[in-house]
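Below is one structure, written out as structure tokens, with a few remarks after it.
2 protein chains.
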Amino acid sequence: MKQNTEHAVEEFVERLGLVAQADGLPRIAGRIMGFLVIHGGPYSFSELAEHLKVSRGSISSNTRLLESLGVIERITRPGERQDYFQMRPHPYMELVRGLQSRLNKARQVVADAQRKLPEDWSDAQTRLAELGDFYSRLVDSTEMMVSSGKPAKFK
Amino acid sequence: MKQNTEHAVEEFVERLGLVAQADGLPRIAGRIMGFLVIHGGPYSFSELAEHLKVSRGSISSNTRLLESLGVIERITRPGERQDYFQMRPHPYMELVRGLQSRLNKARQVVADAQRKLPEDWSDAQTRLAELGDFYSRLVDSTEMMVSSGKPAKFK
DNA sequence: TAATATGTTCAGTCAAGACTGAACATATTA
DNA sequence: TAATATGTTCAGTCTTGACTGAACATATTA
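Heads up: the sequence lines are chains H and P, in that order.
If you're matching positions, the first sequence starts at 85 in our numbering and goes up one per residue.
If you're matching positions, the second sequence starts at 85 in our numbering and goes up one per residue.
Right under this line is the structure:
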């Protein structure tokens, strides 16, 4: 592999780690994802630890996390003891779920306040309604994106 | 103020602090915003510190932050030494900017990788294109939301 | 002038959570 | 059996960034 290419790969993997971090995920989870996006095909547990230069403990917890998010899948092979990992077919939509759940939580916080505060605090109620609408619209637009983004046909 | 109402207000303020935190903002910034959403009208620097039970240092840095984000505005009054703060007219759209800038950064990370990696790594390029499209669509849908969400007429 | 009021800055403390590495459990191989 | 391979767990370390409170600068009042 060319020197430059190798560097570009490393850079992408690291930067996706930072993207993940900004999204509230562990940096290593982002690195694993980046690595699999570039290199595709199943990689073993040990290979991931080795290439990414992180502890096996971190590989364990972060592969479990990405698995639970539906972003990667763990596969095993007859006669092999190691676990292998690869990206799932349409993983990115799963990534929005985290965002959606945060937005929904915010929407709920506002809704609770609207319900619990007196109706005759009309200024407060107005501002709460605006804030609530804002979060609702955000939820809706990501929702739309997810449904429109799925593969045209399942089969 | 009724006991229950008071409690509901406190709860909202605290929970908006957590929402802010999940969004990468300091908790206190969220509390200030929540307090102003409920109580409206200009509140002084000292009043904020007192009601929210946080240090003046934190009020200083967090009001500055919210000001720079365009979420609140600082107002002064002739003959008064204190600064006052209130929500800006349509503040919530400003809140999406942070999200948008994160998404754009992610989009850029992917675009850089697409450019720097060899074209004949077609599997990697395909997966990168998918990931890039994903971020692009997310940016687009929040972008649309912001523009459609503005007040129908300015003036 | 001294005393007070006000906002900012910054060094230090604290908390949350990521990461490591060792201990462990289990399974396989020699 | 012992030795090795593998993934998980968890106690401890380390990093990051929020928060405090004191020192400061400036302006006002007595």
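Note that beta-carbon positions come from the ideal geometry of N, C-alpha and C, so glycine has one too.
Check: State the CB to CB distance for the pair Phe119 (chain H) and Val97 (chain H), rounded to an integer number of angstroms; the pair is presumed to be in contact (CB under 8 Å).; Outcome: 5 Å
Check: I think Arg221 (chain P) touches Met229 (chain H), with their Cβ atoms under 8 Å apart; what is that distance to the nearest whole Å?; Outcome: 5 Å
Check: Please state whether DSSP places Glu157 (chain H) in a helix, a strand or coil.; Outcome: strand
Check: List, in order along the chain, the chain H residues whose C-beta lies closer than 7 Å to that of Thr226 (chain P)?; Outcome: Ser225
Check: What beta strand (DSSP E) runs, 3 residues minimum, are completely inside the stretch 110 to 198 of chain H?; Outcome: 156 to 159, 168 to 171
Check: Quick one: which chain P residues come within Cβ less than 7 Å of Asp207 (chain H)?; Outcome: Gly124
Check: Note down the Cα distance separating Ser139 (chain P) from Ala213 (chain H), rounded to an integer number of angstroms.; Outcome: 30 Å
Check: In this structure, does DSSP put Met85 (chain H) in helix, strand or coil?; Outcome: coil
Check: Residues in its own chain within less than 8 Å of Leu201 (chain H) by CB, not counting five upstream and five downstream?; Outcome: Ala208, Gln209, Leu212
Check: For Leu100 (chain H), name the three-state secondary structure that DSSP assigns.; Outcome: helix
Check: Under a three-way DSSP split, which group does Glu203 (chain H) fall into?; Outcome: coil
Check: Would you say Arg181 (chain P) reaches chain H, if we count a Cβ-Cβ gap shorter than 7 Å as a contact?; Outcome: no
Check: How would you label Thr160 (chain H), buried or exposed, when you count the other beta carbons within 10 angstroms and need 16 or more for buried?; Outcome: exposed
Check: Just checking: is the beta-carbon of Met229 (chain H) within a distance shorter than 7 Å of some beta-carbon in chain P?; Outcome: yes
Check: If we define contact as Cβ-Cβ less than 7 Å, is Leu201 (chain P) a contact residue for chain H?; Outcome: yes
Check: Looking only at its chain, what residues have a beta carbon closer than 6 Å to the beta carbon of Val194 (chain H), apart from the 5 residues adjacent to it on each side?; Outcome: Leu212, Leu215, Gly216
Check: Going by C-alpha distance, which of H:Lys86, H:Ser144, H:Gln198 is nearest Thr89 (chain P)?; Outcome: H:Gln198
Check: Please go through the same chain and pick out, in chain order, the residues whose beta-carbon is closer than 8 Å to the beta-carbon of Arg158 (chain P), but skip the five residues on each side of it.; Outcome: Thr147, Glu151, Asp167, Tyr168, Phe169
Check: Classify His108 (chain H) as helix, strand or coil using the three-state DSSP reduction.; Outcome: It is worth fixing the name first, because residue 108 (chain H) is Gly in this sequence and not His. Residue state, collapsed to three classes: coil.
Check: Does Tyr176 (chain H) come within less than 7 Å of chain P when only Cβ atoms are used?; Outcome: yes
Check: Under the rule that 16 or more other beta-carbon atoms within 10 Å means buried, what is His123 (chain P), buried or exposed?; Outcome: buried
Check: So is Arg181 (chain P) buried or exposed if we call it buried at 16+ other beta carbons inside 10 Å?; Outcome: exposed
Check: For the ligand FAD, I want to know if Ser231 (chain H) counts as a neighbour, meaning its beta carbon is within less than 6 Å of at least one of the ligand's heavy atoms.; Outcome: With respect to the ligand FAD, the structure offers nothing, as it holds no ligand at all.
Check: Mark Val185 (chain H) as exposed unless 16 or more other C-beta atoms lie within 10 angstroms of its C-beta, in which case mark it buried.; Outcome: For the record, residue 185 (chain H) in the displayed sequence is Ser; it is not Val. With fewer than 16 Cβ atoms within 10 Å of its Cβ, Ser185 (chain H) is classed as exposed.
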